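Below is one structure, written out as structure tokens; the observations come after it.
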């Protein structure tokens, strides 16, 4: 693999690094601190220490590591390493100067270079401990000192005793930060470090820090840093599934290729704990490794032939040794790669026999693993046993079971296996009751549902090559329709042609569901304004045919298309909202989640386009919850996340929008959906002044836009962002050329909703093309309150650039945005109104509008706008006032100085109300993990150690009630 073997980017440890920095800050303020840092092998403890040490400033950092030597560690190894480093840095005399009487013999037992040790005797060890403590305290008098003891799980008894002595008996005001790392996965129940940790963490200045594995999103960043390019969604799935977020495992797997064999060094690390176990335990683990990542006790008993007592006895050492973990009524390997390493050690014949035993056990007693899981595991075992006929049968049944559970990813995997095995089983068609083309067609549809758009298109092409449309027109039409739908979602050309070809293949008489489906799909995909009449008539015909044949599913879909077509983003949406409700009722009766998803997507889009942001967000939020329940989080759920992020951005709830975007991107949505989400994130980054991050997001979306054919809803926001980035970088001439090309090459009048923001941005870069931009705007329709607000803003800005600043024009735009609850646009227009007022000599009016704009910018953390307002106020000698009329200054309430973000304030409110993380996540529509991060940040900012203390602080400061 190209790129780096170790990630140049330090990923996913921001909170932990902040924790250590805060600990060092306490030490600088003369408060001794000890932190025990735990985590499994490879999770990044040493990397965290290195990164922290590099940021420790003037603090002296001394590092020593414990060494594994046989069954115990090397005595005092870390302290010997520390002393050797000190002797190198300070010299013998420098160390001696820090010791009583300048004598180093008391430390000679640790470092022979210090001469002959003092006489042996019962006091010798105590004197040595006192010498080490005295040395460290005198070092701390010279400046802050960081003592790092690595790999304490290997520490010998003597090292543990000295560490305990230093921790217990150092002066509380000593400027020493002691950091001790250990492998938590090595701490079996009888490990000697466990009681020491329990004892020392009772001391006030001792804390523990547990390093978690990386999230999927963090693994993407780590992999991109190693590879020097963004990994594909499929690569990420493989890397994350195998590594489970362990950074070292990610690096090791990437060094050999995502699907390559496990590197030997990694295999040795993983098997070390297994090889220490009794042979009978290792034998059961070998059997369990064939059972997958998690195995039920009853199933393992059936396969091994052991009774409950014997099986429990054999497994107990594996659980005590932290190789296996008890998981409900079964067991799971501590890490998936341990199972993989044990399984790889099996001989080929042994492996096949074990999987056959598992398959026969499941067939003999299906109750061992009921439902979808049992069907999928049975398919896995027959496949691994290399029994092609049984594997094909099991995979087909597992696909059907997965379909019932709406587990489209699993269904796709099973159908793909059926296709793979087809040629190996002569009577495959008889076994599954379908011919090969039908299997391909079904897999094409499921791939689309699973968000695997490229694979869906490839499968459709393969199936169409097997069909003669003249001889089999209906199956050809079904495949063409499916390919057209997928091409559309992927932004590929040819989707309209596919759907028109499908319509020609399906006769109008007799009426049929297929005819209705094709007409509805064609109507949905027509977006050219010149084809709007066709779009409406096709939807009406699809509804008529669907009703004739009793196809409620297609009727619901066609009704959604017809309602959206007639909305036109009008402010008078109530009749359409009622119509969407009728469409949902039909879809619910028919049990069609596809139509329910489309209703949520279309209704939220119509509401947002009309400026009804709160309603749009609520509809999208409900739709996302439904998508997750239907197993469509990667597809419909991600699309609805776009429709949720947009109104949140409009409403100024930017932190919340970023959380929605982050959560949606984490599930690996199709590239076009990811690009739209990242576009909104780029908008927020630009508004907050993080131009570098905005540009990185823009470039990522640009690759997607360049690879397909997209509608104005994607292209025009992309154009706007590019102009804004060029202007932010001071590349005005390039921005002007881009505007010129857009005016010449694009029809900017076809989609008013997306064209108005582009034209307003283009004004800033137009220069001599100002009148051309105004001419295009003059031909643009204004539909609804949102577009009215954009057109008013455009008119005011165009007048300003023409030298005719007009405060009433700006005030009109301000009122329009305020009515829509759109704070950022309101703040921008207030700034425009302030400038216009000052130009007219209206200083009081200018100051009032400028102050309102400043307050909105501060609330949004729109740093560039805030800086521009401050600069303007200083130049114009205008004072900014708070909302109560006083001079603007930091708030004086108890909330002042806490540094809580808007989202953290909201989380704290719910914590103070006694809500759990799960309840907070449900109410705010974020993940429990994100809530946990917010709570950790809140505790740190409030300087408290528990949720109860945080709630008490909130009540004491009257953050949520009047004082």
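Residue numbers (the working numbering): 12 to 974. Every residue gets a Cβ at the ideal spot worked out from N, C-alpha and C, and that includes glycine. Given the structure is predicted, the values throughout are model-derived calculations rather than measurements.
Simplified DSSP assignment, three categories, for residue 336: Reading the chain shown from its first residue, position 325 is the one you call residue 336. It is a strand residue.
Of all the options 404, 363, 76, which has the alpha carbon lying nearest to the alpha carbon of residue 163? For the purposes of this step, residue 163 is taken as residue 152 along the chain shown, with counting starting at 1. Residue 76 is the option with its Cα nearest to residue 163.
Start and end of the alpha helix (DSSP H) containing residue 572? The sequence position of residue 572 within the chain shown is 561, counting from 1. First-last of the alpha helix (DSSP H) with residue 572: 563-578.
Check whether the Cβ atoms of residue 866 and residue 845 sit closer than 9 Å, and answer yes or no. Taking the chain shown and counting its residues from 1, one reaches residue 866 at position 855. Taking the chain shown and counting its residues from 1, one reaches residue 845 at position 834. For residue 866 and residue 845, no; Cβs fall outside 9 Å.
Boundaries of the beta strand (DSSP E) in which residue 160 is found, first to last residue: As a working note, residue 160 is residue 149 in the chain shown. First-last of the beta strand (DSSP E) with residue 160: 156-161.
Count the other C-beta atoms from every protein chain shown that fall within 10 angstroms of the C-beta of residue 84, then say buried if there are 16 or more, exposed otherwise. For the purposes of this step, residue 84 is identified with residue 73 of the chain shown, where counting begins at 1. No answer about residue 84 holds up, because its pLDDT of 48 lies below 50 and its placement is not dependable.
Spell out the partners DSSP gives residue 342 in its beta bridges. In the chain shown, the residue the question calls residue 342 occupies position 331. Answer is 306, 337.
Can you find the residues in the same chain that come closer than 7 Å, C-beta to C-beta, to residue 337, ignoring five residues on each side of it along the sequence? The residue you call residue 337 lines up with position 326 of the chain shown. Excluding positions up to five away in sequence, the list reads 330.
Are residue 612 and residue 662 close, meaning C-beta to C-beta below 9 Å? Locating residue 612 in the chain shown gives position 601, where the first residue counts as 1. Locating residue 662 in the chain shown gives position 651, where the first residue counts as 1. Not a contact, by the Cβ cut-off of 9 Å.
Per DSSP, cross-strand counterpart(s) of residue 192: In the chain shown, the residue the question calls residue 192 occupies position 181. Answer is 48, bridged to residue 192.
Give me, in chain order, the residues of the same chain whose beta-carbon lies closer than 8 Å to that of residue 186; leave out the 5 immediate sequence neighbours on both sides. The count along the chain shown starts at 1 and reaches residue 186 at position 175. Cβ within range, chain order: 38, 39, 41, 43, 151, 152, 154, 155, 156.
Roughly how far, in whole angstroms, is the beta-carbon of residue 261 from the beta-carbon of residue 254, given that I think they are within contact range, below 8 Å? Locating residue 261 in the chain shown gives position 250, where the first residue counts as 1. Locating residue 254 in the chain shown gives position 243, where the first residue counts as 1. Between residue 254 and residue 261 the Cβ distance is about 5 Å, and since that is below 8 Å, they are a contact.
My parser needs the alpha helix (DSSP H) runs of 4 or more residues fully inside the region 360-447; what are they? 382-395, 399-415, 419-432, 439-443
Check whether the region 880-887 and the region 913-930 touch, using three or more Cβ-Cβ pairs below 8 Å as the test. no
Could you give the distance in angstroms between the alpha-carbon of residue 211 and the alpha-carbon of residue 177? As a position in the chain shown, residue 211 is number 200, starting the count at 1. As a position in the chain shown, residue 177 is number 166, starting the count at 1. Approximately 11 Å between the Cα atoms of the pair.
State the CB to CB distance for the pair residue 784 and residue 739, rounded to an integer number of angstroms; the pair is presumed to be in contact (CB under 8 Å). Here residue 784 refers to the residue found at position 773 when the chain shown is read from its first residue. Here residue 739 refers to the residue found at position 728 when the chain shown is read from its first residue. Between residue 739 and residue 784 the Cβ distance is about 19 Å, and since that is not below 8 Å, they are no contact.
Output the distance between the C-alpha atoms of residue 18 and residue 365, rounded to the nearest integer angstrom. On the chain shown, residue 18 is found 7 positions in, with the first residue counted as 1. On the chain shown, residue 365 is found 354 positions in, with the first residue counted as 1. The alpha-carbon atoms of residue 18 and residue 365 are separated by roughly 38 Å.
According to the Cβ coordinates, are residue 621 and residue 571 closer than 9 Å? Here residue 621 refers to the residue found at position 610 of the chain shown. Here residue 571 refers to the residue found at position 560 of the chain shown. No, the pair does not count as a contact, with Cβ atoms beyond the cut-off.
So what's residue 74 in DSSP terms, helix, strand or just coil? Here residue 74 is taken as the residue at index 63 of the chain shown, counted from 1. Strand.
Cβ-Cβ separation, residue 770 to residue 812 (assumed contact under 8 Å), whole Å: The residue given as residue 812 occupies position 801 in the chain shown. The residue given as residue 770 occupies position 759 in the chain shown. Not a contact, Cβ separation roughly 12 Å.
Is it buried or exposed, residue 689, if we count other Cβ atoms within 10 angstroms and call 16 or more buried? Counted from its first residue, the chain shown places residue 689 at position 678. Result: buried.
Measure the Cβ-Cβ separation of residue 110 and residue 102 and say whether it is below 9 Å. Within the chain shown, residue 110 is the residue found at index 99, counting from 1. Within the chain shown, residue 102 is the residue found at index 91, counting from 1. Result no, Cβ atoms of residue 110 and residue 102 do not sit closer than 9 Å.
For residue 595 versus residue 584, is the C-beta distance shorter than 9 Å? Counting from one through the chain shown, the residue named residue 595 turns up at place 584. Counting from one through the chain shown, the residue named residue 584 turns up at place 573. Contact flag unset, no.
Here's the rule: buried if 16 or more other CB atoms are within 10 angstroms of the residue's CB, otherwise exposed. What is residue 56? Residue numbering aside, residue 56 sits at position 45 when the chain shown is read from its first letter. So residue 56 ends up on the buried side.
By the three-class DSSP mapping on this structure, what secondary structure does residue 831 have? Reading the chain shown from its first residue, position 820 is the one you call residue 831. If DSSP states are grouped into helix, strand and coil, residue 831 belongs with coil.
Which partner residues does residue 231 have in the DSSP bridge list? For the purposes of this step, residue 231 is taken as the residue at position 220 of the chain shown. Looking at the DSSP assignment, residue 231 forms no beta bridge with any residue, so it has no partner.
Sheet register partners of residue 221 (DSSP bridge): As a working note, residue 221 is residue 210 in the chain shown. Note: residue 221 sits in a beta bridge opposite 49.
Should residue 303 be labelled buried (16 or more other beta-carbon atoms within 10 Å of its own) or exposed? Translated into the one-based positions of the chain shown, residue 303 becomes position 292. So residue 303 ends up on the buried side.
For residue 960, is the classification buried or exposed, using 16 other Cβ atoms within 10 angstroms of its Cβ as the cut-off for buried? Numbered from its first residue, the chain shown carries residue 960 at position 949. Result: exposed.
Taking the Cβ atom as the reference point for each residue, do residue 513 and residue 531 lie within a distance shorter than 9 Å? The sequence position of residue 513 within the chain shown is 502, counting from 1. The sequence position of residue 531 within the chain shown is 520, counting from 1. No, Cβ-Cβ distance for residue 513 and residue 531 is not below 9 Å.
Assign residue 543 to buried or exposed, taking buried as 16 or more other Cβ atoms, counted over all protein chains shown, within 10 Å of its Cβ. The residue given as residue 543 occupies position 532 in the chain shown. With fewer than 16 Cβ atoms within 10 Å of its Cβ, residue 543 is classed as exposed.
Grouping DSSP H, G and I as helix and E and B as strand, with all else coil, what is residue 847? For the purposes of this step, residue 847 is identified with residue 836 of the chain shown, where counting begins at 1. Residue state, collapsed to three classes: helix.
Should residue 224 be labelled buried (16 or more other beta-carbon atoms within 10 Å of its own) or exposed? The sequence position of residue 224 within the chain shown is 213, counting from 1. Answer is buried; the Cβ neighbour count reaches 16.
Alpha helix (DSSP H) runs wholly inside the region 692-722, at least 4 long, in chain order: 702-717
Could you name the residues of the same chain whose beta carbon sits closer than 7 Å to that of residue 63, not counting the 5 residues immediately before and after it, in chain order? As a working mapping, residue 63 is identified with position 52 in the chain shown. Hits under 7 Å: 28, 31.
Can you name the start and end residues of the alpha helix (DSSP H) that residue 180 belongs to? Position 169 of the chain shown, counted from the start, is the residue given in the question as residue 180. Looking at the DSSP string, the run of the alpha helix (DSSP H) that includes residue 180 is 168-180.
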